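A short worksheet on the structure shown next.
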Amino acid sequence: GSPWVGWRNVTGSSGPVEITFEFDDVRNFSEVSLQMSNKFSDGVKVFSHARVFFGVGGRYYNTNPLTVFYAPDDILEHPRFVKIKLRNRIGKFVKLQLFYAADWMMISEVTFVSEIVEGERPDEEEPILSSLDYDNGETDHISVFHSNNNNNNNNPGKSGGNPPNRSTAETGSKEDASERMNSGRALVNNGGGDETAATEPQDHTYNPQ
Numbered sequence: 001g002s003p004w005v006g007w008r009n010v011t012g013s014s015g016p017v018e019i020t021f022e023f024d025d026v027r028n029f030s031e032v033s034l035q036m037s038n039k040f041s042d043g044v045k046v047f048s049h050a051r052v053f054f055g056v057g058g059r060y061y062n063t064n065p066l067t068v069f070y071a072p073d074d075i076l077e078h079p080r081f082v083k084i085k086l087r088n089r090i091g092k093f094v095k096l097q098l099f100y101a102a103d104w105m106m107i108s109e110v111t112f113v114s115e116i117v118e119g120e121r122p123d124e125e126e127p128i129l130s131s132l133d134y135d136n137g138e139t140d141h142i143s144v145f146h147s148n149n150n151n152n153n154n155n156p157g158k159s160g161g162n163p164p165n166r167s168t169a170e171t172g173s174k175e176d177a178s179e180r181m182n183s184g185r186a187l188v189n190n191g192g193g194d195e196t197a198a199t200e201p202q203d204h205t206y207n208p209q
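Position 130, counted from 1, in the sequence shown is what the working numbering calls 130; the numbers after and before it change by one each time, with no gaps.
Put into structure tokens, the structure is as follows:
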């Protein structure tokens, strides 16, 4: 299985872990899936909420990010894939801001579903900031439903296989967290927290979706 990378919120601040992905071309994004730990007995939880920004040239990002709130799961500690619908946003750069729900946050894999934008590419323009900055974006809520059904349909990552337009950035140790994986390169900013490589048994029997 893939290794895990973790961040510790040592300062107790509200700042997020920020991960920026650079892709090979301008793409139309429909979904991102994050494999995350929820071992709350050890102080590890899925993010409380996330923001997703998109940029064409990497210098500027849109000021109306997608915002997703994750309903806390204090029942099951299994790792799970958390899927975020990206609503066909366009960009070559995708910035994820993940906000702590506990002392630790751990990720093993990030997978995007996207298609290359054909024809004329959008130009990078400096955004016009206002007092409504970050308040005009779209907001989703992810709820957790528990089921006693443990068949293969609840095994994330094995139903239907990986489509050809899926690009994956697997996290690793602190040294190789920014290594280019397939068509994306991940750059990690831990927002002031500690970053450490960690391992955890991967029990892929739980799907929060």
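Don't be surprised by glycine CBs; every beta carbon is placed ideally from N, CA and C.
Only a predicted model underlies this, so the values are computations on that prediction, with no experimental measurement involved.
Val10 counts as exposed, since fewer than 16 other beta carbons sit within 10 angstroms of its beta carbon. The Cβ-Cβ distance between Gln97 and Pro72 does not fall below 9 Å. Contact annotation: Trp4 and Ser48 have beta-carbon atoms that are not nearer than 9 Å. The C-beta of Asn88 has fewer than 16 other C-beta atoms within 10 Å across all chains shown, which makes the residue exposed. Rounded to the nearest whole angstrom, the CA to CA distance from Thr20 to Ala50 is 13 Å. Runs of the alpha helix (DSSP H) lying entirely within the stretch 6-68 and spanning at least 4 residues: none are present. In this structure, DSSP gives Val117 a state outside helix and strand, which the three-state scheme calls coil. Under the DSSP assignment, Leu98 falls in the beta strand (DSSP E) whose first and last residues are Arg80 to Phe99.
DSSP places Ile75 outside both helix and strand once states are collapsed to three, so it counts as coil. Cβ contact annotation for Val117 (same chain, cutoff 7 Å, sequence separation greater than five): Val26, Arg27, Asn28 and Ile90, in chain order. A direct Cα-Cα distance of roughly 29 Å separates Lys45 from Lys92. Distance check between Pro79 and each of Val68, Val94, Met105 and Phe112 places Met105 closest, using alpha-carbon atoms only. Spanning the alpha carbons of Glu120 and Thr111 requires a straight line of approximately 26 Å.
Residue burial annotation: Pro16 is buried, with at least 16 other C-beta atoms found within 10 angstroms of its C-beta. The beta carbon of Ala102 is closer than 7 Å to those of Phe40, Gly43, Val44 and Lys45 in its chain, skipping five residues each way along the sequence. Of all alpha-carbon atoms in Ser33, Ser2 and Ser14, the one lying nearest the alpha-carbon of Ile84 is that of Ser33. Nearest Cα to Val68 within the set Tyr61, Glu31 and Gly55: Glu31. Ser13 counts as exposed, since fewer than 16 other beta carbons sit within 10 angstroms of its beta carbon. Taking the Cα of Tyr100 as reference, the smallest distance to any Cα among Tyr70, Phe81, Ser114 and Gln35 is reached at Tyr70.
Put simply, of Glu18, Asn62 and Phe53 the residue whose alpha carbon is nearest the alpha carbon of Glu125 is Asn62.
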